[in-house]
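Student: Here's a structure for you.
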Amino acid sequence: MNPNPAPIAVSTRNLHVFSVVTRLALWLVLAAWGLLALILGTIHLVIVPRIDDWRPRLEQWASATVGVPVRVGELRALRASGASDFMPALMPAFELQDVRLYDPQGRVALQLPLVRTALSLGSLWRLGFDQVVIDEPVLDVRRTEQGRIEVAGLDLSGTDTGDGAALDWFFAQTEFVIQRGTVRWIDDWRAQAPLTLTAVDFVARNGARKHQFQLQATPPTDWGDRFSLRAQLREPLLRLRQAQPEDLRWHNWSGALYADFTRVDVVRLKSAVDLSEWGVSVQAGHGALRAWADVADGRITGLTADLALRDVQAQLGPQLPELALVSVDGRLSAQWDASQRSLATEDLRFRTRDGKVWPGGLLRIAQTQAPGGRAVSASLSAERVDLAALAAIASSLPLGSATHGLIAELAPVGRVENLQANWRGAAVAASAGASEPPTLAGTWPDFGQGEYQAKGRVLGLALASLPSGAVSATGGHVLPGRPGIEGATVEFDLSQAGGRARLTVENGALDLPGVFEESRLPLDRFEADATWRIDGERIEARLDKVRLANADAEGTAQASWHTSDPAGAAGGA
8 MNPNPAPIAV STRNLHVFSV VTRLALWLVL AAWGLLALIL GTIHLVIVPR
58 IDDWRPRLEQ WASATVGVPV RVGELRALRA SGASDFMPAL MPAFELQDVR
108 LYDPQGRVAL QLPLVRTALS LGSLWRLGFD QVVIDEPVLD VRRTEQGRIE
158 VAGLDLSGTD TGDGAALDWF FAQTEFVIQR GTVRWIDDWR AQAPLTLTAV
208 DFVARNGARK HQFQLQATPP TDWGDRFSLR AQLREPLLRL RQAQPEDLRW
258 HNWSGALYAD FTRVDVVRLK SAVDLSEWGV SVQAGHGALR AWADVADGRI
308 TGLTADLALR DVQAQLGPQL PELALVSVDG RLSAQWDASQ RSLATEDLRF
358 RTRDGKVWPG GLLRIAQTQA PGGRAVSASL SAERVDLAAL AAIASSLPLG
408 SATHGLIAEL APVGRVENLQ ANWRGAAVAA SAGASEPPTL AGTWPDFGQG
458 EYQAKGRVLG LALASLPSGA VSATGGHVLP GRPGIEGATV EFDLSQAGGR
508 ARLTVENGAL DLPGVFEESR LPLDRFEADA TWRIDGERIE ARLDKVRLAN
558 ADAEGTAQAS WHTSDPAGAA GGA
């Protein structure tokens, strides 16, 4: 035998250490339970029976926490459901009656008839409440001429000069509830008439980093029906920048906002919600509206809305004319930040005052700007685009002045399907300064200049011709202008360097100003494959597999055309 005592000795030492640690942990558990029993015993045997004697101390604590004088008319403990004299509830609840908050001038800023509070071990640890329930309060919320938010005379802007302690206390409560309240919104900053909301139910739930809010209220009848507002926001784990004195308490929060209006008068809503910060102004409209907003670092960066509105009047940019629509149904969404903006629709249908109807489907237009504003690019994708409806509202859309002019000249009619287009060009004017909040309307590029690619299909196309208005320098004859077309179906794939298209016309016409004395050429049938190339001032075009038929002629043909050499022709290219 070869005994080895070393492992046995090590094992004995480990068991001894484990035994000591186990006993220590057991004593710590017993001490914790003893401390808990002492706290609960103090609450139930000392505080609860003499709860009203603690009212002055509660007033002092509340005044120091909220930052303004607080007075409580009556304080009493409540017996929880299922509790008895022999088996009391683990944590009691309390009821406060006639709670008053005073402003710095000694006036009653807020009077609460009834407040119920509940405690928990966690709330005791942070010297707060697990739940605060306020019944039937009457509350004034005011935005001052300086843009500060005051609730019942208390400045809750969250800045260095506001009542930050009250705001911090509110966001520290696990659950804050208002039932059957009345709220008056007074906007001195925008000089609006007061708005009174009745049957107000409000719930706020706060965690270490997450905050959830829900508000349901009934506005005046001419505003609409009962509505709902919700918010889910979160604070960053780490603050990467130092808060400035002018920053609000929620300056770095991110999350989402939600609003649901089953019936609303947009004119009334406009007086309470100002969209001009994002370059959008709504003058009229009524119906149903649901909206979601994305929030990043305290700013709204995106908006999605489900619309069922009638008689809408809106302005999508400060320099754009008013957009007037008889009806709007579907989804509209927009995203914007310092480097990009996008506008998209999903099954959006509308009818203009002159009877033009947008057919719905998916449509998205986006712009991206490189860092430093060196270049911009844009993209457009659409399932269905009604050109006549687009032309009717184009001047009211943020498409750029060159695009506005081109659409007005062409007066397009027809339906575009499966359109994909991309554009890249020079930088826009400095519209995204570092100190300015990003907006949707901003400065969009002029799509008439730069590199572009597009492909798709057009049904029932009609484009207006444009006479050149010029006469040749040598022969004195009128130079050909831009051709027009009616009743065409076109499949196209083009870019700034050229392209190709399959063209079919049935019971339509070609308009060739400067080519024939009678520029309009009626067509029963016309087919052609078109290709073209553009190289600076030099343009080459070719028509193959041409088949033509009308009342006067029928035949086949092919044709080619190119500009003259600017170096050798008196008239230039």
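Sequential numbering of the sequence shown, starting at 8, is according to the working numbering. The beta-carbon is built from N, C-alpha and C at its ideal position, and this holds for glycine as well.
#1: For A477, write down the residues that DSSP places opposite it in a beta bridge.
#2: Indicate the three-state DSSP secondary structure (helix, strand or coil) for T19 in the structure shown.
#3: The alpha helix (DSSP H) with L417 in it runs from where to where?
#4: Spell out a yes or no on whether the stretch 100–116 and the stretch 197–206 are touching, meaning 3 or more CB-CB pairs, one atom from each, closer than 8 Å.
#5: Excluding the 5 residues preceding and the 5 following G491 in the sequence, name in chain order all residues of the same chain whose CB lies nearer than 7 Å to its CB.
#6: DSSP three-state label for S571, please.
#7: Which same chain residues, not among the five before or five after Q427, have their C-beta less than 6 Å away from its C-beta?
#8: Report buried or exposed for D393, applying the criterion of at least 16 other Cβ atoms within 10 angstroms of its Cβ.
#9: Along the chain, where does the alpha helix (DSSP H) containing W68 start, and where does it finish?
#10: Taking 7 Å as the limit between beta carbons, can you name the residues of its chain near Q223, skipping five residues before and five after?
#11: Could you check which residue in Q460, A373, G488, N429 has the C-alpha nearest to that of L417?
#12: With L355 as the anchor, note down where its beta strand (DSSP E) starts and where it stops.
#13: Taking the alpha-carbon positions, what's the A315 to L296 distance?
#14: Indicate whether R338 and L355 have their beta-carbon atoms separated by less than 8 Å.
#15: Determine the burial state of A32: buried for a count of at least 16 other Cβ atoms within 10 Å of its Cβ, exposed for fewer.
#16: So for W34, helix, strand or coil by DSSP?
#17: Measuring CB to CB, does E152 end up less than 8 Å from L121?
#18: Please look up how many angstroms separate the CB atoms of E353 and L369, rounded, as I've assumed it's under 8 Å.
#19: Only counting the same chain, and skipping five residues up and downstream in sequence, which positions put a Cβ closer than 6 Å to that of R540?
#20: What does DSSP give as the partner residues of F220 in its beta bridges?
#21: Restricting to Cα atoms, I'd like to know which of T496, Q219, S403 is closest to G467.
#22: Confirm, please, whether the CB-CB distance from S403 to P328 is below 8 Å.
#23: How far does the alpha helix (DSSP H) with L330 in it reach, from first residue to last?
#24: Give the DSSP-derived three-state secondary structure of L174 in the structure shown.
#25: To the nearest angstrom, how far is the alpha carbon of W176 from that of P227?
#26: Run through the DSSP bridge pairs and tell me what N429 is partnered with.
#27: Count the other CB atoms within 10 Å of the CB of Q180; is the residue buried (16 or more) or exposed (fewer)?
#28: Can you give me the C-alpha to C-alpha distance between D262 and V79, rounded to a whole angstrom?
#29: Using DSSP with H/G/I as helix, E/B as strand and the rest coil, what is A558?
#30: Please determine, among D500, G231, R149, the residue with the shortest C-alpha to C-alpha distance to V274.
#31: Rounded to a whole number of angstroms, what is the C-alpha to C-alpha distance between A564 and E534?
#32: Does the distance from the CB of D229 to the CB of R191 come in under 8 Å?
#33: A206 by DSSP, collapsed to three states: which one?
#34: Is it buried or exposed, T124, if we count other Cβ atoms within 10 angstroms and call 16 or more buried?
#35: Less than 8 Å between the beta carbons of S334 and A351, yes or no?
#36: Do you know offhand how far G407's Cα is from I141's?
Tutor: The structure says:
#1: Taking the first residue of the sequence shown as 1, we reach residue 477 at position 470. Bridge partners of A477: none, in fact.
#2: For the purposes of this step, residue 19 is taken as the residue at position 12 of the sequence shown. Looking at T19 - three-state DSSP - the assignment turns out to be helix.
#3: To locate residue 417, count along the sequence shown from 1; it is residue 410. L417: member of the alpha helix (DSSP H) spanning 408–417, first to last residue.
#4: With fewer than three CB-CB distances shorter than 8 Å, the stretch 100–116 does not count as touching the stretch 197–206.
#5: Against the sequence shown, residue 491 aligns to sequence position 484. Hits under 7 Å: L470, A471, S472, D518.
#6: Mapped onto the sequence shown, residue 571 falls at position 564. DSSP places S571 in coil when its eight states are reduced to three.
#7: Position 420 of the sequence shown, counted from the start, is the residue given in the question as residue 427. Hits under 6 Å: S388, K462.
#8: Here residue 393 refers to the residue found at position 386 of the sequence shown. With 16 or more neighbouring CB atoms inside 10 Å of its own CB, D393 falls in the buried class.
#9: Residue numbering aside, residue 68 sits at position 61 when the sequence shown is read from its first letter. Start and end: 62–73.
#10: Here residue 223 is taken as the residue at index 216 of the sequence shown, counted from 1. Here the set comprises D208, R233, S235.
#11: In the sequence shown, counting from the first residue as 1, residue 417 sits at position 410. Among Q460, A373, G488, N429, the Cα nearest to that of L417 is on G488.
#12: Position 348 of the sequence shown, counted from the start, is the residue given in the question as residue 355. For L355, the uninterrupted beta strand (DSSP E) segment begins and ends at 347–359.
#13: Residue mapping note: residue 315 aligns to position 308 of the sequence shown, counting from 1. Residue mapping note: residue 296 aligns to position 289 of the sequence shown, counting from 1. The straight-line gap separating the alpha-carbon atoms of A315 and L296 is approximately 6 Å.
#14: Indexing the sequence shown from 1 puts residue 338 at position 331. Indexing the sequence shown from 1 puts residue 355 at position 348. Result yes, Cβ atoms of R338 and L355 sit closer than 8 Å.
#15: Looking up residue 32 in the sequence shown gives position 25. Exposed, because fewer than 16 other Cβ atoms sit within 10 Å of the Cβ of A32.
#16: As a working note, residue 34 is residue 27 in the sequence shown. Three-state result, W34: helix.
#17: Along the sequence shown, one-based indexing puts residue 152 at 145. Along the sequence shown, one-based indexing puts residue 121 at 114. Result no, Cβ atoms of E152 and L121 do not sit closer than 8 Å.
#18: Within the sequence shown, residue 353 is the residue found at index 346, counting from 1. Within the sequence shown, residue 369 is the residue found at index 362, counting from 1. Yes, they are in contact, since the Cβ atoms of E353 and L369 sit about 6 Å apart, within 8 Å.
#19: Translated into positions along the sequence shown, residue 540 becomes position 533. G505, E547.
#20: Counting from one through the sequence shown, the residue named residue 220 turns up at place 213. According to DSSP, which records beta bridges pairwise, F220 is partnered with A211, A238.
#21: Taking the first residue of the sequence shown as position 1, residue 467 is located at position 460. Of T496, Q219, S403, the residue nearest in Cα terms is T496.
#22: Within the sequence shown, the letter at position 321 stands for residue 328. Within the sequence shown, the letter at position 396 stands for residue 403. At a Cβ-Cβ threshold of 8 Å, P328 and S403 count as neighbours.
#23: Here residue 330 refers to the residue found at position 323 of the sequence shown. First-last for L330: 330–343, but that is the beta strand (DSSP E), not the alpha helix (DSSP H).
#24: Counting from one through the sequence shown, the residue named residue 174 turns up at place 167. Correct three-state label for L174: helix.
#25: Counted from its first residue, the sequence shown places residue 176 at position 169. Counted from its first residue, the sequence shown places residue 227 at position 220. One C-alpha to the other measures close to 32 Å.
#26: Walking along the sequence shown from the start, residue 429 turns up at place 422. In the DSSP assignment, N429 is bridged to S386, Q460.
#27: Locating residue 180 in the sequence shown gives position 173, counting from the first residue. Result: buried.
#28: Against the sequence shown, residue 262 aligns to sequence position 255. Against the sequence shown, residue 79 aligns to sequence position 72. Just to set this straight, residue 262 is Gly in the shown sequence, not Asp. C-alpha separation (whole angstroms): 37 Å.
#29: The residue you call residue 558 lines up with position 551 of the sequence shown. When DSSP states are grouped into helix, strand and coil, A558 belongs to the coil group.
#30: Counting from one through the sequence shown, the residue named residue 274 turns up at place 267. Answer by Cα proximity: G231.
#31: For the purposes of this step, residue 564 is taken as residue 557 along the sequence shown, with counting starting at 1. For the purposes of this step, residue 534 is taken as residue 527 along the sequence shown, with counting starting at 1. For A564 and E534, the distance between alpha carbons rounds to 10 Å.
#32: Within the sequence shown, the letter at position 222 stands for residue 229. Within the sequence shown, the letter at position 184 stands for residue 191. Remark: C-beta atoms of D229 and R191 do not approach each other more closely than 8 Å.
#33: What you label residue 206 is simply residue 199 of the sequence shown in a count that begins at 1. It is a strand residue.
#34: As a first step, residue 124 is located in the sequence shown; it is residue number 117 there, counting from the start. So T124 ends up on the buried side.
#35: For the purposes of this step, residue 334 is identified with residue 327 of the sequence shown, where counting begins at 1. For the purposes of this step, residue 351 is identified with residue 344 of the sequence shown, where counting begins at 1. Against a cut-off of 8 Å, the Cβ pair of A351 and S334 comes out as no contact.
#36: Your numbering for residue 407 matches position 400 in the sequence shown. Your numbering for residue 141 matches position 134 in the sequence shown. Straight-line Cα distance between these residues: approximately 53 Å.
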